[in-house]
Amino acid sequence: MATDNNRFQAIISHCKEYGFIFQSSEIYDGLSAVYDYGQWGSELKKNIRDYWWKSMTQMHENIVGIDAAIFMHPTTWKASGHVDNFSDPMIDNKDSKKRYRVDHLLEAKADELEKEGKKAEADALLATMDKLLAANDYEGLKKLIEDANIKCAISGTKNWTEVRQFNLMFSTQLGSVSEEASEIYLRPETAQGIFVNFLNVQKTGRMKIPFGIAQTGKAFRNEIVARQFIFRMREFEQMEMQFFIRPGSQKEWYDYWKEERMKWHLSLGIPKEKFRFHDHVKLAHYADAACDIEYEFPIGFKELEGIHSRTDFDLRNHQEYSKKKIQYFDAEINQNYIPYVVETSVGLDRTIMMVLSEAYTEEDLSTPEKQDSRVVLKIPPKLAPIKLAVLPLVKKDGLPEIAREIMDNCKSHFRCFYEEKDTIGKRYRRMDAIGTPFCITIDKQTKEDGTVTIRHRDSMQQDRIPASQVRELVSKYLV
Ligand code: GAP
Numbered sequence: 405m406a407t408d409n410n411r412f413q414a415i416i417s418h419c420k421e422y423g424f425i426f427q428s429s430e431i432y433d434g435l436s437a438v439y440d441y442g443q444w445g446s447e448l449k450k451n452i453r454d455y456w457w458k459s460m461t462q463m464h465e466n467i468v469g470i471d472a473a474i475f476m477h478p479t480t481w482k483a484s485g486h487v488d489n490f491s492d493p494m495i496d497n498k499d500s501k502k503r504y505r506v507d508h509l510l511e512a513k514a515d516e517l518e519k520e521g522k523k524a525e526a527d528a529l530l531a532t533m534d535k536l537l538a539a540n541d542y543e544g545l546k547k548l549i550e551d552a553n554i555k556c557a558i559s560g561t562k563n564w565t566e567v568r569q570f571n572l573m574f575s576t577q578l579g580s581v582s583e584e585a586s587e588i589y590l591r592p593e594t595a596q597g598i599f600v601n602f603l604n605v606q607k608t609g610r611m612k613i614p615f616g617i618a619q620t621g622k623a624f625r626n627e628i629v630a631r632q633f634i635f636r637m638r639e640f641e642q643m644e645m646q647f648f649i650r651p652g653s654q655k656e657w658y659d660y661w662k663e664e665r666m667k668w669h670l671s672l673g674i675p676k677e678k679f680r681f682h683d684h685v686k687l688a689h690y691a692d693a694a695c696d697i698e699y700e701f702p703i704g705f706k707e708l709e710g711i712h713s714r715t716d717f718d719l720r721n722h723q724e725y726s727k728k729k730i731q732y733f734d735a736e737i738n739q740n741y742i743p744y745v746v747e748t749s750v751g752l753d754r755t756i757m758m759v760l761s762e763a764y765t766e767e768d769l770s771t772p773e774k775q776d777s778r779v780v781l782k783i784p785p786k787l788a789p790i791k792l793a794v795l796p797l798v799k800k801d802g803l804p805e806i807a808r809e810i811m812d813n814c815k816s817h818f819r820c821f822y823e824e825k826d827t828i829g830k831r832y833r834r835m836d837a838i839g840t841p842f843c844i845t846i847d848k849q850t851k852e853d854g855t856v857t858i859r860h861r862d863s864m865q866q867d868r869i870p871a872s873q874v875r876e877l878v879s880k881y882l883v
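If you're matching positions, the sequence shown starts at 405 in our numbering and goes up one per residue.
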């Protein structure tokens, strides 16, 4: 059984063993902080993305979705401020040559202090860090690292360089001939694809403020301290929504979206106490207010989603750099203006990590007669990779044929899985391990009265129901 300390490692191993998440290019010893989703991980990922997309677009009449390209004109990143500002204070260890993000080093130290029961000391360290970061006081940050006695994890020394800024964008060349090629960036956020399409969508969709544009897609950051599994990756996926509003109404909409997004996370069945808001002290270059929704991962409370009041920073800068007027005529107040924006930005991979962390359960099923246990992923049925496993008890006597008929009746409605190999007990355990909420067993009695046994993953309760009701019963759990 995994203790609290090794629970995280147990989840990582489980993800690999059951086809959820693999290290990228593993046969070449992997690529640091890049991961591939396997057969069940990609189903889970798609289900979470679809659930977010539906909640944003279908459930909000004033939000539409787009799918912008990853490559964008290089000026986009000048206008957005990323070329000049998208950097983090870093520090190198002179002995190991390893580079660290200053805030990550200090946060790790604070975690360590907290685990040792020195909560007040940990809080004081973070409070000082926040103050120094907000003041861009690099000398102060270096001194704080030294005073906190922080050592490099590799060399074990405190031989630190000065603190410097380091841009996190990846660049590449567009064009086939090197003389003609221009340097472009892999987008570090999906949001800019929305901003540059603001007028296209507003005009063609006849959208009236307030309205939103949603998008999901890959983003890339050259994270220095990229560790903790899929929590911090160099290639990851975001689900972002920019909500365009009248200037002056940003406080009201910021509060509205904070609450709406918290409701969305709670709708995944996760207890309230596993979440908290964290207000930003040091604001990003585009924001006038910002907070994170943090979730208590097995590695502690960490950022899951950002809610940012971005003012008119992005649209105003794109107007300036593109020299194209980006304005909205508000007929209600008879005024032209550049809209303000409240953004919600959640990491898809972090949401997956949250769902898996919440779902992973080790259960001791031992009886006085027999030792037994199971690992079950209690994933909400609407997000589970497979909804129904169809299992003929034996491979003969016409049972596989009946099972196939049930499969055919259900598979266009939700993801089913057919399996006839191994004992029924082993098959149930495999389905538990990938989070399949329902298994049905087809046995001799099915031939006699048309009923099947349905087994519920979490309670392991088994009921006998008519085979003709399986589709309807499972579907009820998927909304
Ligand atoms: N458009 C605003 C924006 O990108 P952010 O706070 O930098 O804001 C938003 O990122 C979300 O993207 C984060 O809350 C996190 O869930 C996810 N994210 C950011 N960097 C990540 C990384 N390196 N790996 C995985 N997810 C990441």
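Glycine included, each C-beta is placed from N, C-alpha and C at the ideal position.
Just so we're clear, the structure is a prediction, and the values are computed from it rather than from any experiment.
Residue i CB to nearest heavy atom of the ligand GAP below 8 Å
i: H712; result: yes
i: F570; result: no
i: Q642; result: yes
i: V759; result: no
i: M460; result: no
i: V468; result: no
i: I617; result: no
i: A414; result: no
i: R636; result: yes
i: D750; result: In the sequence under discussion, the amino acid at residue 750 is Val, which differs from the Asp named in the question. The answer is yes for V750.
i: D753; result: yes
i: E707; result: yes
i: P592; result: yes
i: D683; result: no
i: E747; result: yes
i: D696; result: yes
i: R680; result: no
i: R453; result: no
Distance CB(residue i)-CB(residue j) smaller than 9 Å
i: I737; j: R650; result: yes
i: Y764; j: I495; result: no
i: I467; j: I613; result: no
i: M573; j: F640; result: no
i: L510; j: A538; result: no
i: F615; j: F647; result: yes
i: A437; j: E627; result: yes
i: F412; j: P675; result: no
i: V745; j: L787; result: no
i: E698; j: E677; result: no
i: Y822; j: A837; result: no
i: T755; j: I452; result: yes
i: R859; j: H817; result: no
i: A623; j: R665; result: no
i: V600; j: H684; result: no
i: G751; j: Q642; result: yes
i: R868; j: V878; result: no
i: P841; j: L792; result: yes
i: K519; j: L529; result: no
Strand pairing of residue i, partner residues [DSSP]
i: S446; result: Paired residue(s): none; S446 is not in a bridge.
i: Y589; result: S575
i: W564; result: N497
i: Y439; result: Q427
i: R665; result: Per DSSP, none; premise fails for R665.
i: S726; result: DSSP, once it has assigned bridges, lists no residue as partnering S726.
i: R636; result: Paired residue(s): none; R636 is not in a bridge.
i: T845; result: L795 and T857
i: E747; result: Q646 and H712
i: V779; result: E766
Extent of the continuous alpha helix (DSSP H) to which residue i belongs
i: S761; result: L752 to A763
i: G829; result: I828 to I838
i: Q596; result: A595 to F599
i: G469; result: Looking at the DSSP string, G469 is not in any alpha helix (DSSP H); the run it does join, the beta strand (DSSP E), is I467 to G469.
i: C814; result: L803 to C814
i: N604; result: F602 to T608
i: A542; result: Here residue 542 turns out to be Tyr, not Ala, going by the sequence shown. Where Y542 is concerned, the enclosing alpha helix (DSSP H) stretches over Y542 to D551.
i: R875; result: V874 to K880
i: D534; result: K523 to A538
i: H817; result: It is not in any alpha helix (DSSP H) - H817 carries neither H nor E in the DSSP assignment.
Limits of the beta strand (DSSP E) - the one that residue i falls within
i: E707; result: G704 to T715
i: Q865; result: Note, Q865: premise wrong, no beta strand (DSSP E); not H, not E.
i: A618; result: F615 to F624
i: S770; result: Looking at the DSSP string, S770 is not in any beta strand (DSSP E), and its letter there is neither H nor E.
i: R680; result: F679 to D683
i: N489; result: Not the beta strand (DSSP E): N489 falls in the alpha helix (DSSP H), residues H486 to N489.
i: E698; result: A693 to F701
i: D734; result: Y732 to D734
Residue i: CB within 8 Å of a non-hydrogen atom of the ligand FAD
i: D716; result: Only the ligand GAP can be found as ligands here, which leaves the ligand FAD out of the picture.
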